[in-house]
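Asks:
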Amino acid sequence: MPQTSFAILTNMGRSREAAALAAGTTVNITHIAIGDGATVPSGGETALYHEVARKTISASGTVVGTSNVAFFDAFLEAAEGPYTIREAGLIDDAGNLIAIAHYDPPINKPIPSSGQTVEGTVRLEVAFSDLANVTIVVDPSMMIALQRLTTLPWIPVVSTTTASPPSSPPIGSTYLIPTGATGAWSGQAGKIAQYTTAGWAIMPPRDGHGIGLPDGRIYMRINGSYVLLAWRTLLTADTTFYVNASTGNDANDGLSPGSAVATITEMVSRLHSRYDLNGFTATVQVADGTYTSGPHVYGPFVGASMARSVIIRGNPSTPANCVVAPGAYASFMAANGAFYKVNGFKVGKTAVDPGTGVDNACIVANGGGTIYMENIDFSTSIDRHINCVNGTVYVDGNYRITGAAGRHISLAHGGMIEHDSSTKTVTITGTPAFSDYFASATGISRMFINNFTFSGAATGIRYFVSTNALIDTSSGDPNYLPGNGAGSSQSGGQYV
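According to the numbering used here, the sequence shown is numbered sequentially starting from 1.
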């Protein structure tokens, strides 16, 4: 039986393709023309026999099982027509007819007022000599039929919670219908609704189908329900997020003082798991108050372009007004390559870490983590103030010590304390006691405190350095560090 529907390159199309192959250029196909001419084409045509519409290309690709046959789609909305489609053609950017198709039987395209509604895709499949020299311009604003979208990995939706169908949304607006929906969506919970010129098209999605929301959340339908897979909101500018223990709620978005999150832990966790910083700075502004949990960050923030891309800021002028004292765990921790800055907090520790012991300090950096700090008030700690095990604490500015601890600084296994060339003032009040040492460094760790000025007094052994570690004071003065007991060095440790 002879093939009665087909598409062929025109003579102009073959000529344009040959010239492009010879010159290393491309044929740029931009539109699909639609007509109702009934003449069977031969290839010599320079235009359709009777063009009735011209459309941008909504989608294209290569026909499965071939290497040189491309398909071209044009989406026809319900309101287009009425006409009968008997021919179609590919148009390049110079207006040339590159290919022509013949449809037998013809396709009837009614409009809603006729009592019948048809919308969908017209497709041409055309064989080329070499698709590498064919450029297809696809119009991203063209709407593709909902029936085809639901077979793709995921589609963008406006909302998953809107219960009342919008009265006149833009054509193509798509929603996941929630439970309790009304109007045209009543009784359609869990289905996808897309607005067309003929009204709401509603389709039941299949398992494995995904949807994406404007805020970056991506869901997949598993066993009949949509499950959250990912949520990465892309920052487009430096952004401040707000935390307030008194007025906040962890269900809020944190994007304004009036919608503050209640805990620092929740806000920092969101930044780490749901945001892409995209090279911008995220500042977590924490209101005065007492916080019984602090952030423990494992791994870098996505899109962080510099070490201080995330700043957790309390009250820099009066840190004592913004307290992070979580008891047995660290107030702030960075691990596994995480890095962020803290500024303006009073930190303390009232119990020993019941687990691994890595939290036995107020500020902890380990496993390649880095914390930048300034304007910190170190109050009483049952163990240590600062602990770095193969991690770094970078002192960005002045800070205070107002409470006792086992050690103020403890470094091990490559841990480091660093700072820039400016003088850092450490103000000590109340003569706190350090039961182990004021500072200790072991296991090839490095403590650079050569530009520190200590104001005030403390009791306890000043320092201990061993196993090829270094405490650099720039002078080697044995009384440089606070305390009233002589420091000591052993096993290759250096105090210089």
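For each residue, glycine too, the CB sits at the ideal point set by N, CA and C.
Bear in mind that the values here come from a model prediction, so they are computed numbers and not experimental data.
1. For Val243, is the classification buried or exposed, using 16 other Cβ atoms within 10 angstroms of its Cβ as the cut-off for buried?
2. Could you tell me how far apart the beta carbons of Ala304 and Leu277 are, in whole angstroms, since I believe they sit closer than 8 Å?
3. Which one of Pro354, Ser168, Gly367 has the shortest CA to CA distance from Asn336?
4. Return the residue from the list Pro106, Pro82, Ser58, Tyr83 that minimises the CA-CA distance to Thr4.
5. Excluding the 5 residues flanking Ile218 on each side, which residues of the same chain have their C-beta closer than 8 Å to its C-beta?
6. Terminal residues of the continuous alpha helix (DSSP H) containing Asn479?
7. What does a CB cutoff of less than 8 Å around Thr150 pick up in its chain, not counting 5 residues either side in sequence?
8. In the DSSP assignment, what residue or residues form a beta bridge with Glu125?
9. Please report how far the alpha carbon of Lys341 lies from the alpha carbon of Met416, in whole angstroms.
10. Determine the burial state of Gln194: buried for a count of at least 16 other Cβ atoms within 10 Å of its Cβ, exposed for fewer.
11. Assign Leu235 to one of three DSSP states: helix, strand, or coil.
12. Around the Cβ of Thr453, are there at least 16 other Cβ atoms within 10 angstroms (buried) or fewer (exposed)?
13. If Thr263 sits next to Tyr291, beta carbons under 8 Å apart, how far is it from one beta carbon to the other, in whole angstroms?
14. Specify whether the region 168-183 and the region 94-108 touch according to this definition: at least 3 beta carbon pairs, one from each stretch, less than 8 Å apart.
15. Rounded to whole angstroms, what's the CA-CA distance from Ile428 to Ala163? Just pull it up for me.
16. Mind checking whether Thr370 and Ala334 have CB atoms under 8 Å apart?
17. Exposed or buried, what is Met306 when buried is set at 16 or more other beta-carbons lying within 10 Å of its beta-carbon?
18. For Ser445, collect the residues of the same chain with a Cβ closer than 8 Å to its Cβ; drop the 5 residues on either side in sequence, then sort them by chain order.
19. Buried or exposed for Ser15, going by 16 or more other Cβ atoms inside 10 Å?
20. Excluding the 5 residues preceding and the 5 following His296 in the sequence, name in chain order all residues of the same chain whose CB lies nearer than 6 Å to its CB.
21. Candidates Lys349, Leu90, Asn252, Gly61: which alpha carbon is nearest Ala132's?
22. Per DSSP, what are the beta-bridge partners of Trp200 in this structure?
23. Roughly how many whole angstroms lie between the Cα atoms of Ser309 and Ala237?
24. With DSSP run on the structure shown, which of helix, strand or coil describes Arg308?
25. Per DSSP, what are the beta-bridge partners of Glu87 in this structure?
26. Glu266 lies in the alpha helix (DSSP H); which residues open and close that run?
27. DSSP three-state label for Gly485, please.
28. Beta carbon of Ile376: closer than 7 Å to some heavy atom of the ligand ATP?
29. So, with DSSP's three-state summary, where would you put Ile144?
30. In the DSSP assignment, what are the bridge partners of Ala334?
31. Let's test the definition: count the other Cβ atoms within 10 Å of the Cβ of Ala441 and tell me whether it reaches 16, buried, or not, exposed.
32. Identify, in the order they occur along the chain, each residue of the same chain with its Cβ nearer than 6 Å to the Cβ of Ala325, setting aside the five sequence neighbours on each side.
33. Given Thr182, which residues of its chain have a CB within under 8 Å of its CB, disregarding the five upstream and five downstream residues?
34. Tell me the rounded alpha-carbon separation between Gln490 and Ser259.
35. In three-state terms, what does DSSP make of Asn497?
36. Please name the residue, chosen from Thr30, Glu51, Tyr226, that lies closest to Asp73 on a Cα-to-Cα basis.
Replies: The answer reads as follows:
1. buried
2. 5 Å
3. Gly367
4. Pro106
5. Trp154, Gly210, Ile211, Gly212, Leu228, Leu229, Ala230, Trp231
6. No alpha helix (DSSP H) contains Asn479, which DSSP labels as neither H nor E.
7. For Thr150, the predicted model reports a pLDDT of 46, less than 50, meaning its position is unreliable and no value from the coordinates is stated.
8. Phe71
9. 16 Å
10. buried
11. coil
12. exposed
13. 7 Å
14. no
15. 59 Å
16. yes
17. exposed
18. Cys388, Leu411, Ala412, His413, Gly414, Gly415, Met416, Ala469, Leu470
19. exposed
20. Met333
21. Gly61
22. Tyr195
23. 12 Å
24. coil
25. Gly35, His102
26. 264-274
27. strand
28. Judged by which ligands are present, the structure shown has none, so any question about the ligand ATP falls away.
29. Bear in mind that the predicted position of Ile144 carries a pLDDT of just 49, short of 50, making it too unreliable to give a figure here.
30. Val297, Ala365
31. buried
32. Gly348
33. Ala163, Ser164, Pro165
34. 55 Å
35. One cannot answer for residue 497 here, as it falls past the ends of the chain, which runs 1 to 496.
36. Thr30
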